[in-house]
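I have placed the structure first, in the form of structure tokens, so that the comments after it can refer back to it.
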Amino acid sequence: MDCVVTPLKTLMGFSVHLNVQLKFYNLPNTQVNVAMGFLALLGAIFGPVAAGLAVFIGHALNDFVTYGSPWWTWVVVDGLIGVAFGLAKNRLKIENGVLGKAKLIWFNIYQIIVNFIGWVLLAPTGDIIIYHEPANKVYLQGVVTWIADSISVAIIGTILLVLYARTRTQRGSLTKER
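Using our numbering, read the sequence shown as starting at 17 and increasing by one per residue.
In structure tokens form, the structure reads like this:
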């Protein structure tokens with residue numbers, strides 16, 4: 017059954033990721049968008065495989081449509097960030113209907129670290145090694161993306177996680193009528 021469900025989850029996440037590419041600021045070849053906030057929810061609900069694939073496919077197609085070809089170092093890093101967000105699913109356990117302040121604080125520290133590793137360390141370094149891009153350009157792009165994505169997840173992602181958790185029935189909250 018999971019071999020059918022995971023592709024459906026991935027398709028749903030990909031659709032959201034591709035359709036939420038709201039561009040606010042345009043640094044050369046860099047788009048600041050709010051899709052990462054939705055990725056936090058996608059990972060918390062569906063886990064690492066669906067989140068990683070959805071953002072990988074969404075980013076690759078967005079780059080293809082916007083720039084003519086994907087920038088693979090950033091596409092791969094985005095996919096890895098999706099996987100990392102999905103790995104938080106077991107710790108967040110939003111399907112239980114309880115998402116307290118401690119879990120939200122933990123998740124936001126986690127996502128800031130994950131975004132830092134991805135956008136400030138991995139993506140720019142990959143650009144320098146693979147594409148021979150100027151370091152000052154790609155590290156600036158990485159820092160801007162890290163800050164913007166961290167803010168997007170902290171605001172939009174947190175709101176979506178809280179709202180989704182509220183729609184779940186808390187374990188032990190129902191009693192049998194007599």
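Glycine included, C-beta positions come from ideal geometry on N, C-alpha and C.
Item	Value
Looking at A139 and V154, is the spacing between their C-beta atoms short of 9 angstroms?	yes
So F80 and D94 are supposed to be a Cβ contact under 8 angstroms. How far apart are they, rounded?	Contact flag wrong, Cβ pair sits at about 14 angstroms.
How about R184 and N112: do their beta carbons lie closer than 9 angstroms?	yes
Let me check you understand the geometry: is the CB of V178 closer than 8 angstroms to at least one non-hydrogen atom of the ligand SAM?	Absence of the ligand SAM is noted for the structure shown, with no ligands found whatsoever.
Report yes if the C-beta distance between F132 and R107 is below 9 angstroms; otherwise report no.	no
What first and last residue would you give for the alpha helix (DSSP H) that runs through I163?	151-168
Drop a sphere of 10 angstroms on the beta-carbon of I146, count the other beta-carbons inside from all chains shown, and report buried for 16 or more, exposed for fewer.	exposed
Rounded to whole angstroms, how far is the Cβ of I128 from the Cβ of S168, which I believe are closer than 8 angstroms?	So it is not a contact: roughly 11 angstroms between Cβ atoms.
According to DSSP, is E193 part of a helix, a strand, or is it coil?	coil
Could you give the distance in angstroms between the alpha-carbon of I110 and the alpha-carbon of T161?	27 angstroms
Can you give the Cα-Cα distance for L58 and Y83, rounded to whole angstroms?	26 angstroms
Should Y41 be labelled buried (16 or more other beta-carbon atoms within 10 Å of its own) or exposed?	For Y41, the predicted structure reports a pLDDT of 49, less than 50, and the residue's modelled location is therefore unreliable. A value from the coordinates is still provided. Y41 is exposed by the Cβ-count criterion.
If you draw a straight line from the C-alpha of D143 to the C-alpha of I172, how long is it?	29 angstroms
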